[in-house]
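Written below as structure tokens is the structure these notes are about.
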Amino acid sequence: MVTVALDVEPEHTHHWIDAAAPTHPSLIDTTHVTGELFGFVNIPMAVWIDEHGVLVRPAESASIVRSPLRDAEIPPGLPERIDRAMREVQKMPDHAESYRAAIVDWAPRGAGSPYALSPAEVVARSQPRGDAAARASACFELGAPLRRTVGHETAVAWWREAHRLHPTNWTYKRQAWTLVTTPEGATENDLFQGPNDVYDGNWLDDVIALGGGEAYTVEPRL
0 MVTVALDVEP EHTHHWIDAA APTHPSLIDT THVTGELFGF VNIPMAVWID
50 EHGVLVRPAE SASIVRSPLR DAEIPPGLPE RIDRAMREVQ KMPDHAESYR
100 AAIVDWAPRG AGSPYALSPA EVVARSQPRG DAAARASACF ELGAPLRRTV
150 GHETAVAWWR EAHRLHPTNW TYKRQAWTLV TTPEGATEND LFQGPNDVYD
200 GNWLDDVIAL GGGEAYTVEP RL
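Each residue of the sequence shown is one higher than the one before, counting from 0 in numbering that gives the first Met the number 0.
Here is the structure:
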């Protein structure tokens, strides 16, 4: 099992990678090439690849532990946006227990596992990649090196266009939002990434506009 962090700022990933070292292999993908190749549009997502390098499950939500936020009591009196954000989180489909069980079944059984799909099934279940998604990928890819070599402001226009072209790609959005909403010196990114003056969208408003928490993840069909 290999973990890949999609982040244009490698230092943002060190907290988790250091915690997993030295027994868990972790990579940093600063250009989101794995997202482009495999169809990752959110986190956590995973693909399954067998010993022959063949994809046996396409990109899908890959939680293996139920988030405590799903069962947390929402206290009265919270700010309206925080209250609504927590309620949308609790609407998100949870497949953690069944997805973990599927991995445990596949690891020793391989092709004999009912969760290992044929190439035709993998293609059928893969996220479609049309012209708009391809253009969005190019826009995001152009923004990343411009940010490193010229400055953050030069990346904004390209990333705004990537968000417009592929509105359900949360990795593009959350990557960009984090860079303008996380306070200077913070050790962890803000979870809900609220409204800002740089981009049109934000986490809560976009979740609601795209169907609510129920539509936030690419559900695994197990």
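Each residue gets a CB set at the ideal place from its N, CA and C atoms; glycine is no exception.
As the structure is a computational prediction, the values presented were derived from the model and not from experiment.
- Secondary structure note for ALA58: it is in no alpha helix (DSSP H), and the uninterrupted beta strand (DSSP E) holding it is 54-60.
- The straight-line gap separating the alpha-carbon atoms of ILE207 and HIS162 is approximately 16 Å.
- The three-state reading of DSSP puts ASP196 in coil, since its state is none of H, G, I, E or B.
- LEU209 sits exposed, since fewer than 16 C-beta atoms from the chains shown fall within 10 Å of its C-beta.
- With 16 or more other Cβ atoms inside 10 Å of its own Cβ, GLY200 counts as buried.
- Comparing alpha carbon positions, the residue from HIS165, ASN168, TRP169 and GLN192 closest to LEU178 is GLN192.
- Around the beta-carbon of ALA61, 16 or more other beta-carbon atoms lie within 10 Å, marking it buried.
- In this structure, VAL7 sits away from ALA119, with a CB-CB distance that is not shorter than 7 Å.
- Counting along the chain, ALA4 sits inside the beta strand (DSSP E) bounded by residues 2-5.
- Looking from the CA of ASP28, the closest CA among ALA18, HIS13, TRP202 and TYR114 belongs to HIS13.
- Just so you know, the alpha carbons of ASP70 and ALA214 end up roughly 19 Å apart.
- Straight-line spacing of the CA atoms in TRP176 and GLY111 works out to 43 Å.
- Segment contact: the segment 132-141 against the segment 156-173, three or more CB-CB distances shorter than 8 Å; contact assigned.
- If you check the CB distance, LEU203 and VAL121 do not come in under 7 Å.
- As a beta-bridge residue in DSSP terms, ASP28 pairs with LEU5.
- The C-alpha of GLY212 lies about 5 Å from the C-alpha of MET91.
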